[in-house]
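Inspection log for the structure reproduced underneath, given as structure tokens.
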Amino acid sequence: MKKSKKNSLAAAGMILVLLLAGVIFFFTYYQVDEVQVMGSSHYSEKQIKKMVLRGPLASNSVLAPLLYTKQNTKDVPFVDGYTVTRLNRHTICVSVKEKDIVGCIPYLDSYIYFDRNGVFVEGSTERNEKIPFFDGIKVKKVILNEKLPIKDETVMNTAVALSTIFSKNDKVPDHIEFGDDGQISLVYGDITVKLGKDEYLEDKMTRVLAILSLISGKKGILHAENVNDNSKTITLEQEQDENQNSEETWTGGYDEEGNYTGEGEYDENGNYVGPKPQTDLEYAQANWVGGYDEEGDYTGSGEYDANMNYVGEAPTEESMAANGNWKGGYREDGGYDGVSEYDRDGNYVGTLEDYLASEESTGDGTDSVSIDTQNTDSEGTGNGEDTSDNSADGTDEEADAGADYSGDYSNDYSNESDNYDENQYSDYSDEADYE
Numbered sequence: 003m004k005k006s007k008k009n010s011l012a013a014a015g016m017i018l019v020l021l022l023a024g025v026i027f028f029f030t031y032y033q034v035d036e037v038q039v040m041g042s043s044h045y046s047e048k049q050i051k052k053m054v055l056r057g058p059l060a061s062n063s064v065l066a067p068l069l070y071t072k073q074n075t076k077d078v079p080f081v082d083g084y085t086v087t088r089l090n091r092h093t094i095c096v097s098v099k100e101k102d103i104v105g106c107i108p109y110l111d112s113y114i115y116f117d118r119n120g121v122f123v124e125g126s127t128e129r130n131e132k133i134p135f136f137d138g139i140k141v142k143k144v145i146l147n148e149k150l151p152i153k154d155e156t157v158m159n160t161a162v163a164l165s166t167i168f169s170k171n172d173k174v175p176d177h178i179e180f181g182d183d184g185q186i187s188l189v190y191g192d193i194t195v196k197l198g199k200d201e202y203l204e205d206k207m208t209r210v211l212a213i214l215s216l217i218s219g220k221k222g223i224l225h226a227e228n229v230n231d232n233s234k235t236i237t238l239e240q241e242q243d244e245n246q247n248s249e250e251t252w253t254g255g256y257d258e259e260g261n262y263t264g265e266g267e268y269d270e271n272g273n274y275v276g277p278k279p280q281t282d283l284e285y286a287q288a289n290w291v292g293g294y295d296e297e298g299d300y301t302g303s304g305e306y307d308a309n310m311n312y313v314g315e316a317p318t319e320e321s322m323a324a325n326g327n328w329k330g331g332y333r334e335d336g337g338y339d340g341v342s343e344y345d346r347d348g349n350y351v352g353t354l355e356d357y358l359a360s361e362e363s364t365g366d367g368t369d370s371v372s373i374d375t376q377n378t379d380s381e382g383t384g385n386g387e388d389t390s391d392n393s394a395d396g397t398d399e400e401a402d403a404g405a406d407y408s409g410d411y412s413n414d415y416s417n418e419s420d421n422y423d424e425n426q427y428s429d430y431s432d433e434a435d436y437e
């Protein structure tokens, strides 16, 4: 009997040892070393892993797909569900199914997210910067999973159309404004884009998105209201920064010790004001691409560039003055050759010949089929007059009027690269909350 009992205990002990060994082998052999995440644009891979793989069993590539796959999620905003699959014994993949969200609007102290059918699918106190924000779509009451009660259906159609355009690129505006008169405005930092009404949106946005990269750092209003089948004119109404240094307003010349050198980057009060602004001539000379002779040797005065392209003589006071108000002569890479069609800030201004022909025909030096850049004083002149200098005297203006962009961007750039009144929703009642 005793021997039989000992044999039974030994057998049981052996089984337990084998089971324990099997469990250890199972969790070791199928240990998850890599987790791949697919289909998530709202959350990072790290966030998805933390949301989905909760618990010690998530580290096993066999058990994780069985225990952590969810077709419906109510605790994760913007996500409908996710599927966990095993790619191999050490790798699993989390495939995320996101909600079809195309935009959001402000509502009380929150943000309402809607899909392309105008259905309210998510509410949050935080704004997702990757989703277009529409200012001007007003609702008095919202119900989850029901269509937003908007009187004018065309407004929602326009919002969906714009969201579709933004989804094709990375240029989502800070916010989109819908006026009561149907006018559409986009805000990109210090640039406000006026699109006008819902007409030729694709054509307008193709040109606007191409131009935005060229006017980086500027302030003002980009007018695209008049783009249609017959006109491609887009105008930048540029706002001049009052603090922007120019030759006339630069107060520097002092060094750090307070001594006046004429080139120091401090003013007489010891404030740093940066280097002295260059005149158009100085800037052109500093960026001139010439200097090579016909044999390809650099002499400093040769009339060829490094690629043996003829660029003529170095810029002089006389050659710059002969260009009048035309500020071109720069290539796309910023080098000055005297004939290329960009200004020193990278704005397209057309050829000198076109400029002179336009000046001769109109008398004002503007090209009617180009994009004109007009400077407006941030304080305003008070009399509606254009304060930019249009005289052909060769004077240098840092914020020069008349920088023209090409009217046709559809081929070259198709692959390219304010405050709102928070009281405008004061008609909402406190009881009109989420239902």
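Per the working numbering, the sequence shown starts with residue 3, numbered consecutively. Built from N, CA and C at the ideal position, the CB exists for glycine as well.
Top-ranked residue by Cα proximity to residue i, from the options
{"i": "phenylalanine 29", "options": "Tyr357, Ala66, Val341 and Ile50", "result": "Ala66"}
{"i": "tyrosine 32", "options": "Leu11, Gly222, Leu55 and Leu59", "result": "Leu59"}
{"i": "glutamine 287", "options": "Gly57, Asp231, Pro317 and Val141", "result": "Pro317"}
{"i": "lysine 329", "options": "Glu315, Glu355 and His44", "result": "Glu355"}
{"i": "arginine 333", "options": "Ser233, Val351, Ile152 and Asn327", "result": "Val351"}
{"i": "arginine 346", "options": "Asp295, Thr281, Ser360 and Val313", "result": "Thr281"}
{"i": "glycine 336", "options": "Asn325, Asn327, Gly348 and Gly326", "result": "Gly348"}
{"i": "leucine 89", "options": "Tyr45, Val313, Thr75 and Asn62", "result": "Asn62"}
{"i": "aspartate 200", "options": "Ala14, Lys142, Ala226 and Tyr45", "result": "Ala226"}
{"i": "aspartate 102", "options": "Lys48, Pro279, His44 and Arg56", "result": "His44"}
{"i": "lysine 196", "options": "Glu270, Asp176 and Asn228", "result": "Asn228"}
{"i": "glycine 293", "options": "Val313, Pro277 and Leu18", "result": "Val313"}
{"i": "glutamate 131", "options": "Gln38, Val104, Ala14 and Val98", "result": "Val104"}
Proximity of residue i and residue j at Cβ, strictly below 8 Å
{"i": "phenylalanine 122", "j": "isoleucine 114", "result": "yes"}
{"i": "tryptophan 290", "j": "tyrosine 338", "result": "yes"}
{"i": "lysine 220", "j": "isoleucine 193", "result": "yes"}
{"i": "glutamate 239", "j": "glycine 264", "result": "no"}
{"i": "valine 96", "j": "valine 81", "result": "no"}
{"i": "valine 162", "j": "arginine 118", "result": "yes"}
{"i": "serine 42", "j": "glutamate 100", "result": "yes"}
{"i": "glutamate 267", "j": "glycine 254", "result": "yes"}
{"i": "methionine 310", "j": "glycine 298", "result": "yes"}
{"i": "valine 34", "j": "isoleucine 94", "result": "yes"}
{"i": "glycine 138", "j": "phenylalanine 180", "result": "yes"}
{"i": "glycine 326", "j": "valine 341", "result": "no"}
{"i": "arginine 129", "j": "phenylalanine 136", "result": "no"}
Inter-residue Cα distance where the pair is residue i and residue j
{"i": "tyrosine 84", "j": "methionine 53", "result": "11 Å"}
{"i": "cysteine 106", "j": "aspartate 183", "result": "21 Å"}
{"i": "valine 275", "j": "glutamate 258", "result": "11 Å"}
{"i": "leucine 22", "j": "glutamate 148", "result": "53 Å"}
{"i": "valine 157", "j": "isoleucine 178", "result": "12 Å"}
{"i": "leucine 146", "j": "glutamate 124", "result": "7 Å"}
{"i": "serine 6", "j": "alanine 12", "result": "10 Å"}
{"i": "threonine 127", "j": "leucine 211", "result": "30 Å"}
{"i": "serine 412", "j": "isoleucine 50", "result": "Only weak support exists for where serine 412 lies, its pLDDT of 34 falling under 50; the value from the coordinates is given anyway. Taking the straight line joining both Cα atoms gives about 39 Å."}
{"i": "aspartate 374", "j": "isoleucine 236", "result": "Interpretation of aspartate 374 is limited by its pLDDT of 42, a score under 50 that renders its predicted location unreliable; the figure taken from the coordinates is listed afterwards. Roughly 7 Å separates the two Cα atoms."}
{"i": "serine 112", "j": "glutamate 36", "result": "37 Å"}
{"i": "leucine 20", "j": "phenylalanine 116", "result": "56 Å"}
{"i": "asparagine 392", "j": "tyrosine 357", "result": "Per-residue confidence for asparagine 392 stands at a pLDDT of 38, beneath the threshold of 50, marking its modelled position as unreliable; no derived number is given."}
{"i": "histidine 256", "j": "lysine 173", "result": "Note that residue 256 is tyrosine in the sequence shown, not histidine. The alpha-carbon atoms of tyrosine 256 and lysine 173 are separated by roughly 42 Å."}
{"i": "leucine 188", "j": "asparagine 230", "result": "18 Å"}
{"i": "glycine 191", "j": "tyrosine 300", "result": "43 Å"}
{"i": "valine 371", "j": "tyrosine 109", "result": "Because the pLDDT of valine 371 is 31, which lies under 50, any placement of that residue in the model is unreliable, and the number read from its coordinates should be weighed accordingly. Their backbone Cα atoms lie some 42 Å apart in a straight line."}
{"i": "methionine 16", "j": "phenylalanine 27", "result": "16 Å"}
{"i": "lysine 234", "j": "asparagine 273", "result": "45 Å"}
{"i": "lysine 142", "j": "proline 151", "result": "8 Å"}
{"i": "proline 175", "j": "methionine 40", "result": "26 Å"}
{"i": "proline 279", "j": "tyrosine 285", "result": "9 Å"}
{"i": "leucine 224", "j": "threonine 71", "result": "48 Å"}
{"i": "alanine 359", "j": "asparagine 232", "result": "21 Å"}
{"i": "asparagine 271", "j": "leucine 283", "result": "30 Å"}
{"i": "serine 408", "j": "leucine 214", "result": "Here serine 408 scores only 36 on pLDDT, less than 50, and its place in the model is too uncertain to base an answer on."}
{"i": "lysine 140", "j": "asparagine 159", "result": "15 Å"}
{"i": "leucine 55", "j": "arginine 91", "result": "16 Å"}
{"i": "tyrosine 262", "j": "aspartate 269", "result": "9 Å"}
{"i": "aspartate 154", "j": "arginine 209", "result": "28 Å"}
{"i": "asparagine 74", "j": "leucine 68", "result": "15 Å"}
Would you call the stretch 293-307 and the stretch 320-335 touching, i.e. three or more CB-CB distances under 8 Å?
no
With three or more C-beta pairs closer than 8 Å as the rule, is the stretch 197-206 touching the stretch 169-177?
no
Of all the beta strand (DSSP E) runs that stay within the bounds of the stretch 101-168, which reach a length of 3 or more residues?
105-109, 112-116 and 122-126
Taking only runs that begin and end inside the stretch 235-291, name each unbroken beta strand (DSSP E) of 3 or more residues, in chain order.
237-242 and 262-266
For the stretch 53-94, list the beta strand (DSSP E) runs that are entirely contained and at least 3 residues long, ordered along the chain.
81-90
Enumerate, from N- to C-terminal direction, the unbroken alpha helix (DSSP H) stretches of 4 or more residues contained entirely within the stretch 156-225.
203-214
Minimum length 4: unbroken alpha helix (DSSP H) runs contained in the stretch 282-353
282-288 and 319-324
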